[in-house]
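K.L.:
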Amino acid sequence: MRWGATFNWISVAAFVAALVSQLLGWEAVRTGILIAWVVLVFLVVMSRGMRGTSILTYLSAAALLGAAIGQLAGFSSVRGWFLLAWTALLLPVAIGLFSHPMRTPAWGVFVGFWGVVGVLWLIVVQIAAVAGSLSGEAYRDWAAWPLGLLGIWFLVASGLGFGAERFPRWVDLLGLLAGAGLLALSVSTWIGASSDAVRAVGLFAAVVYCLWAIGLGWVYWGTQDVTHRFRGLAIGRAAESSRA
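Per numbering that gives the first Met the number 0, the very first residue in the sequence shown carries number 0; after that it's consecutive.
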């Protein structure tokens, strides 16, 4: 069976299951099914080349910007949906970072695996938040752990590959700041910082992430000869491959 037909059947099954869940009042299940289908769409888009990943990276910045605006405007429900979109779009961003040449690729792949696990964990947490099952202090506590994992992954990818070919130093510098911002957001939650302090750290992390995602998407757009099978390639080998 061709992949196109398989994808169509999966889509039909997902929408039927989501409709049944809606009729039964299982909102969390419905949202989970739809998000799983959206993630599948993202993975299909990524398989078409780095420009697909670039577009998804830009969209992740737009989603987080929308969440920040919703936060400042006091629209908590709008903020929740934008954050859900952002967490789903974080998956292709995290997977795309595997194509960053690193000085210690084995370490990057190891940490990157847990970064992707953190994204999936964050998606589940955000689904629960949108469904109303998780809110307030409990929501912040649950979200802090996957955000911390993701922040560490951004730090590792940008730090070990700092200034590597195709990735300008300013992009990796923004990646370091974005990772530090996400990690600081987690730490501020763990130490019980005031709501104003957590909000300020969150806004900083959001702004830096958006800037980094724009730069990262720009790099991805110009790397058409790179695929996601490029995982774990060391910096020296990457340079040799580009000269060949």
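Using N, Cα and C, we set each Cβ at its ideal position, and we do this for glycine too.
Computed from a prediction, not measured in an experiment: that's the story for all the values here.
Under 6 Å Cβ to Cβ from T188, same chain only, skipping five residues before and after it: list those, please.
P.N.:
Indexing the sequence shown from 1 puts residue 188 at position 189. Closer than 6 Å at the Cβ level, and outside the excluded window around T188, lie R139, A143.
K.L.:
Let me know the beta strand (DSSP E) ranges lying completely inside the region 111 to 187, each 3 residues or longer, listed in chain order.
P.N.:
Listed in chain order, there is nothing to give.
K.L.:
Should S134 be labelled buried (16 or more other beta-carbon atoms within 10 Å of its own) or exposed?
P.N.:
Position 135 of the sequence shown, counting from 1, holds the residue named residue 134. Its Cβ having fewer than 16 others within 10 Å, S134 is exposed.
K.L.:
Starting from A192, follow the alpha helix (DSSP H) in both directions and report where the run begins and ends.
P.N.:
The residue labelled residue 192 in the question sits at position 193 within the sequence shown. Where A192 is concerned, there is no enclosing alpha helix (DSSP H), given that its DSSP letter is neither H nor E.
K.L.:
Just to confirm my understanding: we take T30, look at its own chain, exclude 5 residues before and 5 after, and list those with CB closer than 7 Å. What are they?
P.N.:
In the sequence shown, residue 30 corresponds to position 31, counting from 1. Within the same chain, T30 has close Cβ partners I126, V129, A130.
K.L.:
Between which two residues does the alpha helix (DSSP H) containing G259 stretch?
P.N.:
Residue 259 lies beyond the residue range present for the chain, which begins at 0 and ends at 243; the question has no answer from this structure.
K.L.:
If you reduce the DSSP assignment to three classes, tell me which class M0 lands in.
P.N.:
Counted from its first residue, the sequence shown places residue 0 at position 1. Reliability of the predicted coordinates at M0 is poor, the pLDDT of 47 falling under 50, and no value is obtained from them.
K.L.:
Buried or exposed, going by whether 16 or more other CB atoms sit within 10 Å of the CB of D195?
P.N.:
As a working mapping, residue 195 is identified with position 196 in the sequence shown. Classification for D195: exposed.
K.L.:
Can you grab the Cα-Cα spacing for the pair A12 / T56, in whole Å?
P.N.:
The sequence position of residue 12 within the sequence shown is 13, counting from 1. The sequence position of residue 56 within the sequence shown is 57, counting from 1. Those two C-alpha atoms are separated by around 28 Å.
K.L.:
Within 10 Å of its beta-carbon, does R168 have 16 or more other beta-carbons around it, so buried, or fewer, so exposed?
P.N.:
Within the sequence shown, residue 168 is the residue found at index 169, counting from 1. Looking at its Cβ environment, which holds fewer than 16 other Cβ atoms inside 10 Å, R168 is exposed.
K.L.:
Could you tell me whether the Cβ atoms of V116 and R165 are closer together than 8 Å?
P.N.:
As a first step, residue 116 is located in the sequence shown; it is residue number 117 there, counting from the start. As a first step, residue 165 is located in the sequence shown; it is residue number 166 there, counting from the start. Contact: no.
K.L.:
Mapping the DSSP letters down to three states, classify T222 as helix, strand or coil.
P.N.:
In the sequence shown, counting from the first residue as 1, residue 222 sits at position 223. If DSSP states are grouped into helix, strand and coil, T222 belongs with coil.
K.L.:
If we count the other Cβ atoms within 10 Å of its Cβ and call it buried at 16 or more, is W106 buried or exposed?
P.N.:
One-based indexing of the sequence shown puts residue 106 at position 107. With fewer than 16 Cβ atoms within 10 Å of its Cβ, W106 is classed as exposed.
K.L.:
Helix, strand or coil, according to DSSP, for W85 in the structure here?
P.N.:
The residue labelled residue 85 in the question sits at position 86 within the sequence shown. In the structure shown, W85 sits in a helix (DSSP, three-state: H, G or I).
K.L.:
Out of H99, G65, S98, F74, which one is the CA nearest neighbour of T86?
P.N.:
Taking the sequence shown and counting its residues from 1, the one referred to as residue 86 is at position 87. Of H99, G65, S98, F74, the residue nearest in Cα terms is G65.
K.L.:
In this structure, how does DSSP classify H227 when only helix, strand and coil are distinguished?
P.N.:
Translated into the one-based positions of the sequence shown, residue 227 becomes position 228. At H227, the pLDDT of 46 sits below 50, so the modelled position is not reliable; the number obtained from the coordinates is stated separately. It is helical.
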